[in-house]
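In the working numbering, the protein residues as written are 304 to 1342.
These notes concern the structure reproduced below.
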Amino acid sequence: MTVDRMTQATLPRTGDRVADAWQWLTAELQGRPVPPVVAIIGPGDGAVFDALQAHAPGTRVLALEPDAAAARAFVGGATWRRWRQDDRLAYLSAPDYAGAEEAWRLFTGAPQPPPVLLGPGLQLTPEVGRAAQVLKKILVGVAANQTARRKFAPRYLVNSLRNLPAIVAGSDIRHLQDACRGVPAVVVAAGPSLDAALARHPDLHERAFVVACDTALRPLLLAGVEPHLAVGVDPGELNARHLSSLPHCPQTWLVAESALDRTATAAFDGRTFWFHVSNHEPWPWFNEAGLDVGRLDVWGSVLTAAFQVALLAGCDPIVIVGADLAFTDGRPYARGTTCELDWSRQAAGGATLEDVWRREIGARTCVTVPDLHGRDTTTTPALLQFRDWLAARIAQSGRRVVNASGAGILAGQGIELGTVDDVLSTRVEVPSIAACAKRHSGVRPTRLAAAVREAHTIVAGGRTGDALYTRWRTFSGDGFDARAVADALDEAARGLERRYRPASTVIVDWRRIADLPDGRTFVAGLPEAVARLHDARAGASLEAEQGGREPRSTGTGRRYLAEALRLLAAWSRAGGTATADERRWALAVFDGLLGRAWGPHRTADGPGFYARPVVPRDRDASSTVASVQRVDESLRTSLHLIGSWLQCAASLEQEAETRAALLRLTGLQSAVETSGCGTLAARLQVQLTGADRRQAAREAPAAFELSVRLDPAALGRLHTGVIGRPADDEFPPSPLLPFVVETADMRVSFELDRSAPVQARRAAEVSVMRSPCLFGTPGERWSIAYPVRDGVICVRANDRASRLVRPDGANAPFHEWPRPIVSELPLGEEGAVAWGTGRAMSPVTGPYVMYRRAAGETPVIEDLPFVPTWGAWWNGRLYWSVLPAEGDTTRGLGSWAPGEGARIEAADGFTLFDIRGDADGLILEPSTRRVDNSYVRRRLAEGWRWHPVSGLVPVALGPYGAAGYRSTGCGWTVTTRPEADLVELEHEDGTRLLLTVYHPFRAAWAGTSLLVGTVDQQLLRFDDFVEPLDRLRTGATIR
């Protein structure tokens, strides 16, 4: 029965007060059996206790007496002493109902909420109402405790079993009894006010015995404060993150509840004091094996445990900092906690830190209460309960307790409000904590291991009739997992037998992080740095770092960059030996380092072309298309990280060509993932040589190396812009490797692994790299139509106008058309012809051709029976490579002329890269397309020559396969070789060079700049391109 539905029966009057009380009680229970726990408001003279003793001697009672005089008469009597001695009575009395915060313990093991009874003859006065409210609050806590018990019981059992070897090797918390008697203590929580406390008092550990809550340990260590003790209670995996992947803290000992997650306790093996909060499983079994530790009186929050540890150690006075128990200034925690990981992840998605905090707080049930200064602050009912419990304990402690948090809601009887300096003005000598530690006497690990093995046999064998199996299953409830329990027992046995100890690799060197500029506050600013990285990648204008500083100067930025490279190398070495939490921290710190290092030069658009997917190329027409390579997650992550690092490195480089060279390698991840079978082995090496010369004098420079497998087409994309003099006409062509980017501070090389036998190919005689500019905006598709005197006519996909692109990249409309166009060609001296598929129209139409014979004329539009793609004029007709129109399957060669209509010339199912005419007919350069018209990368050995009379005649192709568009300018003729990832450049004096471009389609000169369009409709502009060509041609020094 709830407090809101209390009942009150009439008390019989037979003269036998005990019998009358029993009759009253049975009437209240309406004949039901007496439950394990009963709650009574107003038990009066205590006859009901005597009645229960006589008829239900195992019953426990929670009694609230609103009559203070009746309470004074009852307390101290024989009935009160007997019940208290049996630990079956929680008796609370007006006016303050002292002990209410501990009343929940009476309900341990009770399966149902207790009936709530009003004592016989009790009047419903305001004081009775207050007692009812106190009881209601207790029962709410009981319900929450039972919910937590059901939730955590399975984990409590498994975690305690996993910790068994560490408990045996550790020390009993009772050895801390009076270890620091009379020594001042500071209990540190992780509320928002901790930031100010650490800023003002970086020497806390020199002024007092420091006991840190687990959540506060990381902020303390990052601030240079190594606490004497850190306390952990919560058995959850998420909470364990507060105690793993920590900065070096060899002098800090852990005070651990036995069910703390093993990932948290492993780092403190050999320096842990153990306790338990209740004598439930598996402690009865541990006790049977001769193992025991002390019990600590805690309630809900680790702060209550930390305070109890300071009491146990005999500390006086006790100063509390960071104990807001409220969301001061709209923040859930201090800065520098493990929560920075979660906040950073959300910041990486573009959320502001204020929004992250607002959502986190808003997800809880909140109330508004006055804070220490009388201002409204936000907290939760649970935090209020923790406050009340702690305040009651402080009032009873007999110690001087000072809340120096300066914010929040911790106040009450016996709690002074002050500052750290008010209490701790001098340095103190703290006794050695290690000296207090003592091993368990009478516990033999090998004997205990045998008992564990026997328990493992029981659980793993499913011996459900065994008493131990039944106990553990009953304790765990519906969450009992026999396999998890058996695994924990096996791990414990191996640990006791000294055959096994969990080991993990450290990736993040926190001491190095602390030595960086602003290293002490690095983690506290992690979300902001990650948000800065997110903005930089997106191309946003970057704001200065915290405090108005701009650590993107060459020196400071490169220090962060160097540390990121060291971290990346450590990540690579760790492989799978690091814990998940260590890997999470490594990734977050890496991103934070890049966020702080990012320089002023824009790089967001640079990786675009190089990061696009690679379509593997087949070596001959009979081979099949290779499947996409499956990349393991570790390599995928390493590729992503080095790509981010290279982009950040580029942002710090003043020289544009150096930036461009670095940015091309950011496409390595896409190249590996999409490069098919990966027949080529390549190696990327990065080394920093001068980021910090003082460091370089003491240690090896930061370096990273990564081996990958690639398809030759991937080299085509990564090496786009490499010009060389070929060694011969072999295929695949000379890879023009290695290439090296070298500055005063850095050397980056990418080369084939010469140890692999498949790499036995000659390099180009001479090579130089020129990085192109990607024309247009991201996501646009462009194609080259034809060159004119002032530049090159290009078409943006589905536009209704062609555009003139000038040598400097400026562009303007050239011909306007009433419908979307695929491409355009001149028509006579002043006219033009353009065509489209009709699919970009709304509604969709069939394919069409449009033409005008002079500028300003209204275009004539004619429908076509096929889909035109690329074309060329020959003998007065326009010939296209055609694809099927709706409802048709025709592929081949089609033609059209103004006023003469369209027709299919050859319907042999082929598709083409280019059509060129000469006196003997048309030269048809073949391509391969799938049924859906997407390209297949296949180097064909045979093309055709076509004539209206002779038809198709096969023609052998050269080693590079089909040719694409040809264009002449500045003394150089360029010919694209799509399936060789090359553009041939031949000078009028016979000099021949090769330009690597991924899947090039059409190329044309715009003044001294070269435009190259790719099959996937990316338009590249090589500015002032004649100069490097002529230098290679003449043998002059390459700049």
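All residues carry an ideal CB built from backbone N, CA and C; glycine is no exception.
Item to check | Residues near tyrosine 636 by beta carbon distance below 8 Å, same chain, minus five either side | outcome: Indexing the sequence shown from 1 puts residue 636 at position 333. Answer for tyrosine 636: Ala493, Gly494, Pro495, Thr518 and Cys642, listed in chain order.
Next on the checklist: To test your reading of the DSSP string, which unbroken alpha helix (DSSP H) runs of 4 or more residues are found completely within the stretch 816 to 894?
Outcome noted: Those alpha helix (DSSP H) runs which fall completely within the stretch 816 to 894 and span 4+ residues are 829 to 841 and 857 to 877.
Item to check | Buried versus exposed, by CB contacts within 10 Å (16 or more), threonine 906 | outcome: By one-based count along the sequence shown, residue 906 stands at place 603. Burial state of threonine 906 is buried, judged by a 10 Å Cβ sphere holding 16 or more other Cβ atoms.
Checklist entry - On the three-state DSSP scale, how would you describe asparagine 462? => result Stepping through the sequence shown from its first residue, residue 462 is reached at position 159. Asparagine 462 carries a helical assignment under DSSP once its states are collapsed to helix, strand and coil.
Checklist entry - If you check the beta carbons only, do tryptophan 874 and isoleucine 810 fall under 9 Å apart? => result On the sequence shown, residue 874 is found 571 positions in, with the first residue counted as 1. On the sequence shown, residue 810 is found 507 positions in, with the first residue counted as 1. The Cβ atoms of tryptophan 874 and isoleucine 810 lie closer than 9 Å to each other.
Next on the checklist: Restricting to Cα atoms, I'd like to know which of Arg823, Pro748 and Val1277 is closest to threonine 1294.
Outcome noted: Taking the first residue of the sequence shown as position 1, residue 1294 is located at position 991. The candidate whose alpha carbon is nearest that of threonine 1294 is Val1277.
Next on the checklist: Just to confirm, is the Cβ distance from histidine 531 to histidine 508 under 9 Å?
Outcome noted: The residue given as residue 531 occupies position 228 in the sequence shown. The residue given as residue 508 occupies position 205 in the sequence shown. Taking 9 Å as the Cβ cut-off, histidine 531 and histidine 508 qualify as a contacting pair.
Checklist entry - In whole angstroms, what separates the C-alpha of alanine 1003 from that of leucine 868? => result As a working mapping, residue 1003 is identified with position 700 in the sequence shown. As a working mapping, residue 868 is identified with position 565 in the sequence shown. One C-alpha to the other measures close to 12 Å.
Item to check | Chain-order list of residues whose beta-carbon lies under 7 Å from that of arginine 690 (same chain, five-residue window excluded) | outcome: The residue you call residue 690 lines up with position 387 of the sequence shown. Result list for arginine 690: Leu628, Ile712 and Leu713, in chain order.
Checklist entry - Hey, valine 746 and alanine 592: beta-carbon distance below 9 Å or not? => result Translated into positions along the sequence shown, residue 746 becomes position 443. Translated into positions along the sequence shown, residue 592 becomes position 289. Going by C-beta atoms, valine 746 is nearer than 9 Å to alanine 592.
Checklist entry - What distance in whole Å lies between the Cβ atoms of alanine 1158 and glutamate 1127, which are believed to be in contact at a cut-off of 8 Å? => result As a working note, residue 1127 is residue 824 in the sequence shown. As a working note, residue 1158 is residue 855 in the sequence shown. Here glutamate 1127 is actually not in contact with alanine 1158; their C-beta atoms are around 13 Å apart, not less than 8 Å.
Checklist entry - DSSP three-state call for threonine 729: helix, strand or coil? => result Position 426 of the sequence shown, counted from the first residue, corresponds to residue 729. Three-state DSSP puts threonine 729 in coil, outside helix and strand.
Checklist entry - Where does glutamine 480 land, buried or exposed, given buried means 16+ other C-beta within 10 angstroms? => result Counted from its first residue, the sequence shown places residue 480 at position 177. Exposed, since its Cβ has fewer than 16 Cβ neighbours within 10 Å.
Next on the checklist: Can you tell me whether aspartate 475 is helix, strand or coil according to DSSP?
Outcome noted: The count along the sequence shown starts at 1 and reaches residue 475 at position 172. Strand.
Checklist entry - Which whole-angstrom value describes the C-beta separation of glycine 402 and alanine 393, a residue pair presumed to lie in contact below a C-beta threshold of 8 Å? => result Residue numbering aside, residue 402 sits at position 99 when the sequence shown is read from its first letter. Residue numbering aside, residue 393 sits at position 90 when the sequence shown is read from its first letter. That pair is a contact at about 7 Å.
Checklist entry - For tyrosine 772, which three-state DSSP category applies? => result Reading the sequence shown from its first residue, position 469 is the one you call residue 772. Helix.
Checklist entry - Could you give the distance in angstroms between the alpha-carbon of glycine 1149 and the alpha-carbon of arginine 661? => result Here residue 1149 refers to the residue found at position 846 of the sequence shown. Here residue 661 refers to the residue found at position 358 of the sequence shown. Approximately 55 Å, taken between the alpha carbons.
Checklist entry - At a Cβ threshold of 9 Å, is proline 1090 touching chain B? => result Among the chains in the structure shown there is no chain B, since it carries only a single protein chain.
Checklist entry - Beta carbon of valine 892, beta carbon of leucine 991: below 9 Å? => result For the purposes of this step, residue 892 is taken as residue 589 along the sequence shown, with counting starting at 1. For the purposes of this step, residue 991 is taken as residue 688 along the sequence shown, with counting starting at 1. Valine 892 is not a Cβ neighbour of leucine 991, given a cutoff of 9 Å.
Checklist entry - If we ignore side chains and look at the alpha-carbon of each, how far apart do proline 1146 and proline 1121 end up? => result Here residue 1146 is taken as the residue at index 843 of the sequence shown, counted from 1. Here residue 1121 is taken as the residue at index 818 of the sequence shown, counted from 1. One C-alpha to the other measures close to 14 Å.
Checklist entry - For isoleucine 1087, does the three-state DSSP call read helix, strand or coil? => result As a position in the sequence shown, residue 1087 is number 784, starting the count at 1. For isoleucine 1087, the three-state secondary structure derived from DSSP is strand.
Checklist entry - Which of helix, strand or coil does DSSP assign to glutamine 990? => result As a working note, residue 990 is residue 687 in the sequence shown. Looking at glutamine 990 - three-state DSSP - the assignment turns out to be strand.
Checklist entry - What residue does the alpha helix (DSSP H) around glycine 1019 start on, and which one ends it? => result Within the sequence shown, residue 1019 is the residue found at index 716, counting from 1. Counting along the chain, the unbroken alpha helix (DSSP H) around glycine 1019 starts and ends at 1015 to 1021.
Checklist entry - Does the beta-carbon of arginine 521 have 16 or more other beta-carbons within 10 angstroms, so that it is buried, or is it exposed? => result Locating residue 521 in the sequence shown gives position 218, where the first residue counts as 1. Buried, by the Cβ-count rule.
Item to check | Cβ-based burial, asparagine 1178 [other Cβ within 10 Å; buried from 16] | outcome: Numbered from 1 along the sequence shown, position 875 holds the residue referred to as residue 1178. Counting the other Cβ atoms within 10 Å of the Cβ of asparagine 1178 gives fewer than 16, which makes it exposed.
Item to check | Alpha-carbon spacing of proline 505 relative to leucine 525, whole angstroms | outcome: Within the sequence shown, the letter at position 202 stands for residue 505. Within the sequence shown, the letter at position 222 stands for residue 525. Our two residues, proline 505 and leucine 525, have alpha carbons roughly 10 Å apart in a direct line.
Checklist entry - What are the start and end residues of the alpha helix (DSSP H) that includes cysteine 951? => result Counting from one through the sequence shown, the residue named residue 951 turns up at place 648. In this chain, the alpha helix (DSSP H) harbouring cysteine 951 covers 936 to 954.
Checklist entry - Which word fits arginine 1305, buried or exposed, when buried means at least 16 other C-beta atoms lie within 10 angstroms of its C-beta? => result Position 1002 of the sequence shown holds residue 1305. Flag for arginine 1305 reads buried.
Checklist entry - How far does the alpha helix (DSSP H) with isoleucine 761 in it reach, from first residue to last? => result Translated into positions along the sequence shown, residue 761 becomes position 458. From DSSP, the alpha helix (DSSP H) with isoleucine 761 extends over 748 to 763.
Checklist entry - With 16 as the cutoff for other CB atoms within 10 Å, does histidine 1302 come out buried or exposed? => result Taking the first residue of the sequence shown as position 1, residue 1302 is located at position 999. Of the residues assessed, histidine 1302 falls on the buried side of the cut-off, its CB having 16 or more other CB atoms within 10 angstroms.
Checklist entry - Are there three or more Cβ pairs, one per stretch, closer than 8 Å when the stretch 418 to 429 is compared with the stretch 326 to 334? => result Touching, per the Cβ criterion.
Item to check | Own chain residues within Cβ distance below 6 Å of glutamine 849, not counting five before or after | outcome: What you label residue 849 is simply residue 546 of the sequence shown in a count that begins at 1. With a pLDDT of 42 at glutamine 849, under the threshold of 50, the modelled position of that residue is not reliable, and the figure given next carries that caveat. Only Gly828 meet the Cβ criterion.
Checklist entry - Thinking C-alpha only, which one of Gly946, Leu332, Val534 and Leu563 is nearest alanine 469? => result Position 166 of the sequence shown, counting from 1, holds the residue named residue 469. Ranked by how close their Cα comes to the Cα of alanine 469, the residues Gly946, Leu332, Val534 and Leu563 have Leu563 in first place.
Item to check | aspartate 319 - containing beta strand (DSSP E), residue span | outcome: Residue numbering aside, residue 319 sits at position 16 when the sequence shown is read from its first letter. First-last for aspartate 319: undefined, no H or E at that position.
Next on the checklist: Going by beta-carbon coordinates alone, are alanine 366 and leucine 442 separated by less than 9 Å?
Outcome noted: Residue mapping note: residue 366 aligns to position 63 of the sequence shown, counting from 1. Residue mapping note: residue 442 aligns to position 139 of the sequence shown, counting from 1. For the 9 Å CB-CB criterion, alanine 366 and leucine 442 do not form a contact.
Checklist entry - In the structure shown, what three-state DSSP assignment does phenylalanine 578 receive? => result The residue labelled residue 578 in the question sits at position 275 within the sequence shown. Strand at phenylalanine 578.
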